[in-house]
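**Q** Residue numbers (the working numbering), protein chains in the order written: chain F, 1277 to 1582; chain C, 1277 to 1582; chain S, 1277 to 1582; chain P, 1277 to 1582.
Idealized CB from N, CA, C, for every residue including glycine.
There are 4 protein chains.
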Amino acid sequence: SRSQSSPAAGRLDLSGIYPPIATPFTTKEAVDYQRLEENLQKYAKMPFKGLVVQGSNGEYPYLTEDERVEVVRTVRRTLPEGKVLMAGSGCESTRATVELTEKMTAAGADAVLVVTPCFYKGKMDSRALIHHFTKVADSSPVPVVLYSVPANTGLEMPLDAVVELSQHPNILGLKDSRGDITRIGLIVHKTKTQNFQVLAGSAGFLMAAYCVGAVGGVCALANVLGQELCELERLCQSGGWEEARILQQRLIEPNAAVTRKLGVPALKQAMEWFGFHGGACRSPLQPLTEAETQQLRRDFSTNGWL
Amino acid sequence: SRSQSSPAAGRLDLSGIYPPIATPFTTKEAVDYQRLEENLQKYAKMPFKGLVVQGSNGEYPYLTEDERVEVVRTVRRTLPEGKVLMAGSGCESTRATVELTEKMTAAGADAVLVVTPCFYKGKMDSRALIHHFTKVADSSPVPVVLYSVPANTGLEMPLDAVVELSQHPNILGLKDSRGDITRIGLIVHKTKTQNFQVLAGSAGFLMAAYCVGAVGGVCALANVLGQELCELERLCQSGGWEEARILQQRLIEPNAAVTRKLGVPALKQAMEWFGFHGGACRSPLQPLTEAETQQLRRDFSTNGWL
Amino acid sequence: SRSQSSPAAGRLDLSGIYPPIATPFTTKEAVDYQRLEENLQKYAKMPFKGLVVQGSNGEYPYLTEDERVEVVRTVRRTLPEGKVLMAGSGCESTRATVELTEKMTAAGADAVLVVTPCFYKGKMDSRALIHHFTKVADSSPVPVVLYSVPANTGLEMPLDAVVELSQHPNILGLKDSRGDITRIGLIVHKTKTQNFQVLAGSAGFLMAAYCVGAVGGVCALANVLGQELCELERLCQSGGWEEARILQQRLIEPNAAVTRKLGVPALKQAMEWFGFHGGACRSPLQPLTEAETQQLRRDFSTNGWL
Amino acid sequence: SRSQSSPAAGRLDLSGIYPPIATPFTTKEAVDYQRLEENLQKYAKMPFKGLVVQGSNGEYPYLTEDERVEVVRTVRRTLPEGKVLMAGSGCESTRATVELTEKMTAAGADAVLVVTPCFYKGKMDSRALIHHFTKVADSSPVPVVLYSVPANTGLEMPLDAVVELSQHPNILGLKDSRGDITRIGLIVHKTKTQNFQVLAGSAGFLMAAYCVGAVGGVCALANVLGQELCELERLCQSGGWEEARILQQRLIEPNAAVTRKLGVPALKQAMEWFGFHGGACRSPLQPLTEAETQQLRRDFSTNGWL
């Protein structure tokens, strides 16, 4: 395997910080692999545990299947030894997810991040989700990480489904993007015998998530302030809570700006300010308005980042 | 054109009832074109205005693009002269929607039904949606019908976007599946100079929608009780409100059962009871439990349909 | 009894239009009984079925119990023979509701409108609500009308509770303010053997509610455009659906402005424009901003009312 | 003043744990002052910072104003020197809140906890809430603590209103019961120059709240497991994070059971098991069903508390 030692029974150790990398496009909205690689070279110098490719911030719903796989292949070529490549392979149907998971593995993924299917949200109860993720995990050549992101899917993975799925030998953990810290604490509590690994899905509650037992974070903001998020991780891991709190507080507003408030277009704009290639999104995502750009800048500058 | 006369400026007249047809699968979850055609032969005898292919009840998010197009092609071959084939061609990205719209037209669609993109719901404001639907309508060889279905997408098309898009010469109408009757009345009111055609997206509020100015309905329940829904249409159109009310009331619970409460698996189960091929859904949609099947039966039988 | 004949078993006939009257205040925020009476004299000339006193638009949560009763007493003195006085008597606890119901009856109410308790909304399931309304109806000297207004309470009365409570001999009907027309149709359907009377709680869906079987409406907008709402009722009752539709459509935006969008302060501002005493609300309700006032005016003027 | 030294400018120091005490009733639903005092004697032996009287768990919406004041008076008589008595004085109208605040002060409150008015939730924007709380704080003889509890009110105090109100010299802090830890961290960050004191409104996220800068908690569960919550506080304050995490995790399910899942009736049932007087709630709150009681017991026993 390409990635490092794991804590128990040869399991992949997920602990650490991951940027869910953005996908740069050319002015014609084609994937810009050249700029992607330039970003990757910069990320290679940061103490990330790995990269998430095709998370929500990668605009994966706007990519064709071929593009999704090709982006993963590109990242694999560039990624230094020992870094984890976690690839999003979730689709609406179980069969499509199984197939894409295989392709992602062939393209070099160390693990797959599988979002909850969500179109028929009224029917995506624990029974359906347990069935779906079990089928996917049964057939996946690499470990599976569950992905619950209600802001996009309108659906939260039920606690009992998480607990049951945590017992599957090929399901390693959960990326939780809502940030209900009570729920995160309870998931850690109820899965502790499985050594289930919870990743905070946003930088806004990263410190609190560490506090209640998470092992890392997949944070959009790591595309922009990667070094700082790794420093926050180090402080949390080493008990530097006072210093961590001050750093965490300065990250909340910039994080909200590039996620909940202004979304991927803001993330990509901020990347430009911090020396990365961001650029435009695929349509229908629109560029920021002038007022939004100013608000974004303010959310960084009032916290001392610009 | 394959379809009939239109009320103004050569516009396609959408008025009438459409079943959003279900997609039968084999036991191995392959599309069962044979059974699909058998259903189509039965629907051909009913006074539908046309068929919607790849609406939410067609499990389109679980079909590959090739399957989506092939199902439309199959329906085109079978559909009698003069019936409208409305094909779902909505995707998350504008570019994919434009491309699929062309393929659907080539496969024989008379109009396309384009659902709101929804993954980045926080960013799908009027600006983004107007941009998206304008691009799609600009390039589409056939007329476009907007499709707002918040129960699945978590997103309602804003009123101001509907009003602005109603002025596009290639956007004919809206399928509204939430059923906020105040909003439907207001949409009819504010688009009346465009002769914009509103279709009720569910049988539960069909009569009320006619009452406030809708011209028809795309109703899951028409897969099961098609004749009855066409009769309800006739009563509403001819002023038989008392009789209509009694019929409408008997349809609410069966309709809720096959949509909001128990979803596509229930629709397909009920189709079996009424002589159509329903069968299983693609995973992760699960078969009904025994208790759910009984509840479904009760919702039909207590209203005198079984 | 002060009110008129009823359709079955001596039951009070609720059919018709009711303004849920606003409460005028002096500049010191005291109840202005003088101005209240002047409004009542104007309403007396309109073909209302009666008045609702202490509905949400009466700012009842801001009145003391003594004020609530005194306002009802004032209305009773002024109300012409044959008009129905429906008084809001809902409180959070069952015991307080029972007591206030008695006081409202003593003050002259013909019926009481009892809102769902809502503070402990997570516990206000059918069991609790059936218990509450049964106790209140058991002890009330006058008939009880259920009141479901989720925009204020965050709670919708469950359908099964409505159906069960409809069998209570002292529970006559329901004021439904959300306007889910499918639900309203179903309530009418499932309570028809009880001759249960459903009142639309807003002018936005009044015509559609008549269409599916409601018998009248309690409409904030009737404080402003009372004559027009009574005309809409007449058209719906006499089968003038085409004319009704045109009138209904012109009322949706003014109605939304004085309810959902801008609330009681807008209702009171519009009352001033149409010759009634509106005035300021009690704090914390704030006066409209200049921009809001303009928006309000536009919602009336673009529909031809100003 | 009855309470202890404060950190800055003579401000009352709120830091610590408070049970929001339950109100025992007799079998006839009268307030049982005798049993209340017996509970108070037990609480007196615990290292609480003080008591909250008439929080949501005190069933204050079901008490008359006289009862609300009398309960505070009773607590004052019993409360040991140096403990803080925080009394709920929030009403829907500003004028009623001002008056009740004065009565609560006269009855012995050291501070008042003022919930957001919520009936006209669509109009309770920052402008209205800032106006309301400023008026109340201007006139209040004792310091004011803001209280945001969306599970009951359906309304969250907007961040910008909190930040502006934090500058009022008589507004000391906020009880936040939703537990969005990102928001709590941001409130601490943006009010730090005011030394604004944030209290966690539930035991489920108490440790995480301390982690991001809260100074204490008002926790329903402290009525049952008061000693344990004070121990959790001590561990958080002294940097015993590992031990704290284990204790916190064991408290999440019991806490959820007595709050979100089963509410005040469950809190009172659990109090009985742990040696306090709980008893029945006022109607319409219903006793637990047998199944609910078993679920409650399980939530305590599987975490080692029973």
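1. Between F/F1395 and the rest of its own chain, which residues show a CB-CB distance below 8 Å, the 5 nearest in sequence each way excluded?
2. Quick one: is S/M1547 near chain P, going by C-beta distance under 8 Å?
3. Distance check for P/T1377 and P/L1339, CA to CA, integer angstroms please.
4. Report the residue from F/Y1294, F/R1344 and F/D1308 whose alpha carbon sits nearest the alpha carbon of F/E1507.
5. Please classify C/T1569: does DSSP put it in a helix, a strand, or coil?
6. Give the residues of chain C in contact with F/P1269, contact being defined as C-beta atoms less than 7 Å apart.
7. Just the Cα atoms here: how many angstroms apart are C/F1552 and C/V1500?
8. Excluding the 5 residues flanking P/T1381 on each side, which residues of the same chain have their C-beta closer than 6 Å to its C-beta?
9. Tell me the DSSP secondary structure of S/V1418 in three-state form.
10. Please list, in chain order, the chain C residues whose beta carbon lies closer than 8 Å to that of F/E1368.
11. Apart from the five residues just before and just after F/T1350, which ones in its own chain have a Cβ nearer than 7 Å to its Cβ?
12. S/S1279 CB to nearest chain C CB: under 8 Å?
13. Give the DSSP-derived three-state secondary structure of P/Q1473 in the structure shown.
14. Would you report the Cα separation of C/D1386 and C/Q1473, rounded to the nearest angstrom?
15. Taking 8 Å as the cut-off, does the region 1467 to 1482 of chain C touch the region 1444 to 1452 of chain C (at least 3 CB pairs, one atom from each stretch)?
16. At 9 Å on the CB atoms, spell out the chain S contacts of C/E1529, in chain order.
17. What's the C-alpha gap between F/P1563 and F/G1555?
18. Are the CB atoms of P/K1325 and P/G1286 within a distance shorter than 8 Å?
19. For S/A1427, return the contacting residues in chain P, with the cut-off set at a CB-CB distance below 8 Å.
20. In terms of residue numbering, what span does the beta strand (DSSP E) encompassing S/G1326 cover?
21. By alpha-carbon positions, which one of F/T1535, F/C1557 and F/G1364 ends up nearest to F/D1575?
22. Can you list the alpha helix (DSSP H) stretches of 4 or more residues lying completely in the region 1357 to 1420 of chain F, in chain order?
23. So, is the C-beta of S/V1488 closer than 8 Å to a C-beta in chain C?
24. Do three or more CB pairs link the region 1458 to 1472 of chain C to the region 1430 to 1447 of chain C at distances below 8 Å?
25. Assign F/M1483 to one of two classes, buried (16 or more other C-beta atoms within 10 Å of its C-beta) or exposed (fewer than that).
26. Who are the near neighbours of C/P1323 in its chain, counting only those whose CB is closer than 6 Å to its CB and skipping five residues on each side?
27. Could you please give the first and the last residue of the uninterrupted beta strand (DSSP E) stretch that includes S/V1494?
28. Go ahead and pull the three-state DSSP assignment for S/S1424.
29. How long is the line joining the alpha carbons of F/S1453 and F/A1567, rounded to whole angstroms?
30. Tell me which same chain residues have a C-beta within less than 7 Å of the C-beta of C/L1435, skipping the five on either side of it?
31. Within 8 Å (strictly less), CB to CB, does C/Q1310 reach chain B?
32. Could you pull out every residue in the same chain whose Cβ sits closer than 8 Å to the Cβ of S/A1532, ignoring the five residues on either side in sequence?
33. Note down the Cα distance separating P/L1288 from C/F1409, rounded to an integer number of angstroms.
34. Excluding five sequence neighbours on each side, which residues of the same chain lie with their C-beta closer than 8 Å to the C-beta of F/Q1443?
35. Any Cβ of chain C within less than 8 Å of the Cβ of S/A1437?
36. Since F/R1403 meets chain C, which of its residues come closer than 7 Å, beta carbon to beta carbon?
**A** Let's see:
1. E1368
2. no
3. 16 Å
4. F/Y1294
5. helix
6. Within the shown structure, residues of chain F are numbered from 1277 to 1582, placing residue 1269 of chain F beyond reach of any answer.
7. 8 Å
8. P1417 and V1418
9. coil
10. P1337 and Y1338
11. Y1309, L1312 and E1313
12. Confidence is the limiting factor: at S/S1279 the pLDDT is only 38, short of 50, which leaves the residue's position unreliable and the question unanswerable from this model.
13. strand
14. 15 Å
15. yes
16. L1462, H1465 and K1466
17. 9 Å
18. no
19. K1397 and G1398
20. G1326 to V1329
21. F/T1535
22. 1370 to 1382 and 1402 to 1415
23. yes
24. yes
25. buried
26. C1506
27. G1492 to V1494
28. strand
29. 27 Å
30. R1459, L1462 and I1463
31. Annotation note: the requested chain B is absent from the structure, which comprises protein chains F, C, S and P.
32. G1480 and D1575
33. 58 Å
34. Q1470
35. no
36. Q1562
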